[in-house]
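Colleague:
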Amino acid sequence: MKKDKSASFKQSTLLPWVELRVANQSAACYEAHSHDEFSFGIIQQGSANYKNRQTTHAIGKGDVVTINPADVHSCNPNVGTWSYNMLFVDTLKMGDVQRDVLQSDAHDYTPFIYDLERSPDIQQRFSALFEALKSDASVLHAQVCFYDFIEGILGKQQQDSLRVMMSQPPLMRIRERLLDDIEHTHQLDELAQEAGMSRYQLLRAFKHQFGLPPHAYLMDEKIKRAKIMLKSGDDISDVALRLGFSDQAHFQRQFKKKLAVTPKFYQSHFVMK
55 MKKDKSASFK QSTLLPWVEL RVANQSAACY EAHSHDEFSF GIIQQGSANY KNRQTTHAIG
115 KGDVVTINPA DVHSCNPNVG TWSYNMLFVD TLKMGDVQRD VLQSDAHDYT PFIYDLERSP
175 DIQQRFSALF EALKSDASVL HAQVCFYDFI EGILGKQQQD SLRVMMSQPP LMRIRERLLD
235 DIEHTHQLDE LAQEAGMSRY QLLRAFKHQF GLPPHAYLMD EKIKRAKIML KSGDDISDVA
295 LRLGFSDQAH FQRQFKKKLA VTPKFYQSHF VMK
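Residues in the sequence shown are numbered consecutively from 55, following the working numbering.
1. If distances are taken between C-alpha atoms only, which option among Leu-187, Arg-107 and Lys-115 comes closest to Tyr-168?
2. Can you grab the Cα-Cα spacing for the pair Glu-73 / Glu-185, in whole Å?
3. At the level of alpha carbons, what is the spacing between Pro-267 and Val-126?
4. Does Thr-110 come out as helix, strand or coil in the three-state DSSP assignment?
5. Classify Lys-115 as buried or exposed, calling it buried when 16 or more other Cβ atoms lie within 10 Å of its own Cβ.
6. Please list, in chain order, all residues of the same chain as Val-325 whose beta carbon is under 6 Å from its beta carbon, the five residues on each side excluded.
7. Measuring straight from C-alpha to C-alpha, what distance separates Ser-221 and Gln-263?
8. Extract the residue ranges of the alpha helix (DSSP H) inside the segment 68-136, only unbroken runs of 4 or more that lie entirely within it.
9. Where Thr-110 and Asn-103 are concerned, what is the direct C-alpha to C-alpha distance, given to the nearest angstrom?
10. Using C-beta distances below 8 Å, list every residue in its chain close to Ser-215, excluding the 5 sequence neighbours before and after it, in chain order.
11. Report the residue ranges of all alpha helix (DSSP H) runs contained in full by the segment 215-267; include only those spanning at least 4 residues, in chain order.
12. Excluding the 5 residues preceding and the 5 following Thr-135 in the sequence, name in chain order all residues of the same chain whose CB lies nearer than 6 Å to its CB.
13. With DSSP run on the structure shown, which of helix, strand or coil describes Gln-302?
14. Just reading off the alpha helix (DSSP H) that Ala-182 is part of, what are its end residues?
15. Alpha carbons only, please: which of Phe-305, Gly-95 and Val-315 is nearest the one belonging to Ser-181?
16. Determine the direct distance from the alpha carbon of Cys-129 to that of Pro-174, and round the result to whole angstroms.
17. Helix, strand or coil for Ser-291? Go by DSSP, reduced to three states.
18. I'd like the list of long-range same chain contacts for Ala-294, defined as Cβ closer than 6 Å, with 5 residues on each side in sequence excluded.
19. Tell me whether the segment 307-314 and the segment 244-255 touch, counting them as touching only if at least three CB pairs, one residue from each stretch, are closer than 8 Å.
20. Can the beta-carbon of Asp-162 be found less than 8 Å from the beta-carbon of Pro-123?
21. Less than 8 Å between C-beta atoms, sequence neighbours within five positions excluded: which residues of the same chain meet that for Asn-132?
22. Return helix, strand or coil for Gln-65, following the three-state DSSP convention.
23. Quick one: using the 10 Å Cβ neighbour count with 16 as the cut-off for buried, is Val-143 buried or exposed?
24. Is the beta carbon of Gly-280 less than 8 Å from the beta carbon of Leu-297?
25. Quick check on this structure: which residue in Pro-317, Met-226, Leu-208 and Leu-313 has the alpha carbon closest to the alpha carbon of Ile-290?
26. Roughly how many angstroms lie between the CA atoms of Lys-261 and Tyr-271, to the nearest whole one?
27. Thinking just about the alpha-carbon of each residue, which of Glu-237, Gly-149 and Leu-170 is nearest to the one in Ala-160?
28. Return helix, strand or coil for Phe-142, following the three-state DSSP convention.
29. Looking at C-alpha atoms only, which residue of Trp-71, Lys-64 and Ser-60 is the closest neighbour of Phe-200?
Structure below.
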């Protein structure tokens with residue numbers, strides 16, 4: 055079977071907490087999903103509709119997207135050539151870098167305010183960072199480029215108030231229950247009772263707070279955990295079983311909906327078998 059060359063993945067050898075993705079002349083469409091990591095991308099060719107939480111942008115060549123952890127988003131191309139470069143950055147490491155740049159004692163990372171950047175300066179900084187990581191040239195050079203990129207974004211954002219997410223305690227309990235028992239078949243009645251809401255109230259409030267209704271949020275979390283397991287070399291059928299999918303085919307369908315590639319294809323970029 056001919057190998058799909060429209061997408062490739064790579065774990066950076068210079069900054070191991072960064073993952074690279076290159077999409078070249080791709081036609082892939084994505085359901086709304088989120089990531090545990092920070093995500094940054096630059097459009098190389100084509101145009102698309104980019105939705106981050108409740109805001110939709112028409113994006114094209116040179117635009118830089120910024121996606122915070124847990125931001126529910128989708129990015130689907132219009133007809134024609136569609137190419138982009140993405141970086142996925144670990145949240146703990148991002149927090150370390152932000153504290154350095156902001157000279158802050160904060161214990162957590164800072165969500166970025168803007169989900170789209172069109173400044174030529176930001177575009178240049180991101181492109182330099184991506185090229186440094188892709189070429190495996192120098193750890194020091196990659197570190198300098200990373201700090202330079204984050205400084206560019208945060209320098210602009212320091213003129214605005216930093217966003218603060220206020221979470222409702224009942225919804226946080228429901229979220230924790232879903233994440234703590236991810237393979238379980240949860241019932242809406244039980245979740246609503248625990249939250250002290252009607253079923254309808256829970257669905258609306260949960261989606262407003264986290265971007266997805268409970269069942270879709272849970273599926274999104276399963277796919278994020280599946281990525282980690284696949285990168286560790288776990289067998290695909292075992293991943294499906296441990297995450298509570300009805301069978302391997304169900305897992306493969308859901309994985310491809312979210313990432314536009316199969317589990318086997320994704321794993322092949324990180325594990326030699």
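Backbone N, C-alpha and C fix where the C-beta goes; we use that ideal spot for every residue, glycine too.
Modeller: Once the coordinates are examined:
1. Arg-107
2. 13 Å
3. 11 Å
4. strand
5. exposed
6. Gly-287
7. Caution applies to Ser-221, whose pLDDT of 46 falls short of 50 and renders its modelled position unreliable; the model cannot decide the point.
8. none
9. 7 Å
10. Low per-residue confidence applies at Ser-215: pLDDT is 36, beneath 50, and the placement is therefore not dependable, though the value from the model is reported in the following sentence. Hits under 8 Å: none found.
11. 223-234, 242-249 and 253-264
12. Gln-79, Gln-99 and Gly-100
13. helix
14. 174-189
15. Gly-95
16. 21 Å
17. helix
18. Gln-302 and Phe-305
19. no
20. no
21. Gly-100, Ser-101, Ala-102 and Asn-103
22. strand
23. buried
24. The sequence shown places Ala at residue 280, not Gly. Yes, the Cβ-Cβ distance between Ala-280 and Leu-297 is below 8 Å.
25. Pro-317
26. 9 Å
27. Gly-149
28. strand
29. Trp-71
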